[in-house]
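**Student:**
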Amino acid sequence: MLKVPRRLKPILNRINGEAETRYIVRGLIDGSLSALGVVIGASGSADASVIIAAGLGGGIANGLSNILGAFTAEKASLERERIQKEKSLLKKSGYLKKSVIYQKAIRETMICGLIDGISTTIGSALPVVPFFVFDIKTALYVAIGITITILFILGVFIGKISRENVIISGIKMVVGALVVAMLCFLIEGIF
Numbered sequence: 001m002l003k004v005p006r007r008l009k010p011i012l013n014r015i016n017g018e019a020e021t022r023y024i025v026r027g028l029i030d031g032s033l034s035a036l037g038v039v040i041g042a043s044g045s046a047d048a049s050v051i052i053a054a055g056l057g058g059g060i061a062n063g064l065s066n067i068l069g070a071f072t073a074e075k076a077s078l079e080r081e082r083i084q085k086e087k088s089l090l091k092k093s094g095y096l097k098k099s100v101i102y103q104k105a106i107r108e109t110m111i112c113g114l115i116d117g118i119s120t121t122i123g124s125a126l127p128v129v130p131f132f133v134f135d136i137k138t139a140l141y142v143a144i145g146i147t148i149t150i151l152f153i154l155g156v157f158i159g160k161i162s163r164e165n166v167i168i169s170g171i172k173m174v175v176g177a178l179v180v181a182m183l184c185f186l187i188e189g190i191f
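Residue numbers (full-length UniProt numbering): 1 to 191.
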């Protein structure tokens with residue numbers, strides 16, 4: 001039996017939360033689709049290292065962008081809510097910033113941002129992996145297959161959570177991946 005280190009237990013318990021799950025799913029979808037676009041766009045290069053560098057570089061940039069984006073968007077929403085509560089309580093601006101509830105919300109916002117960014121980076125790396133192993137043409141098709149598989153699994157997961165038909169939910173996600181792939185091939189072919 002795998003023993004989870006004591007330090008990781010709170011993190012794993014946190015990931016079981018609704019917001020964290022949402023950020024994991026969103027990050028994996030975002031990362032895998034954006035990386036697929038990058039590898040398809042760069043696939044005209046005869047050098048796999050160019051595709052790998054573009055895919056990983058884009059994935060890291062996308063992950064860091066999502067950390068910043070998720071944190072700032074969530075914090076703005078949290079601040080708006082805090083200001084409204086202070087007004088209704090007839091308290092001066094900043095009164096609730098010292099509260100335990102506010103501090104906990106800030107920590108959760110930071111964790112959600114990190115989860116979003118890490119999930120995006122992981123999702124971005126997966127379509128790039130085949131370029132370490134296969135020739136460019138084979139790696140491209142394997143990358144598409146990996147992305148389709150990831151999105152199908154996420155679609156099934158989303159279908160299960162929302163109590164929809166899991167196969168149809170998975171297929172909807174696959175259609176999204178295929179549309180992205182076709183558009184990226186079209187763009188790559190133009191340039």
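The beta carbon of each residue, even a glycine, is placed where N, CA and C say it ideally should be.
(1) Between proline 127 and alanine 35, is the Cβ-Cβ spacing less than 8 Å?
(2) Buried or exposed: alanine 76, going by 16 or more other Cβ atoms within 10 Å of its Cβ?
(3) Here's the rule I'm using: 16 or more other beta-carbon atoms within 10 Å means buried, otherwise exposed. How should leucine 2 be labelled?
(4) Spatial neighbours of glycine 58 within its chain, please: C-beta separation below 8 Å, excluding the five flanking residues on both sides.
(5) Which term fits glutamate 74, buried or exposed, when burial requires 16 or more other beta carbons within 10 angstroms of its beta carbon?
(6) Rounded to a whole number of angstroms, what is the C-alpha to C-alpha distance between alanine 61 and aspartate 116?
(7) Helix, strand or coil, according to DSSP, for lysine 160 in the structure here?
(8) In the DSSP assignment, find the alpha helix (DSSP H) that holds serine 49 and state where it starts and stops.
**Tutor:** With the given structure in hand:
(1) yes
(2) exposed
(3) Reliability of the predicted coordinates at leucine 2 is poor, the pLDDT of 45 falling under 50, and the value obtained from them is presented with this limitation in mind. Exposed, by the Cβ-count rule.
(4) Ser34, Ala35, Val38, Ser124
(5) buried
(6) 13 Å
(7) helix
(8) 48-88
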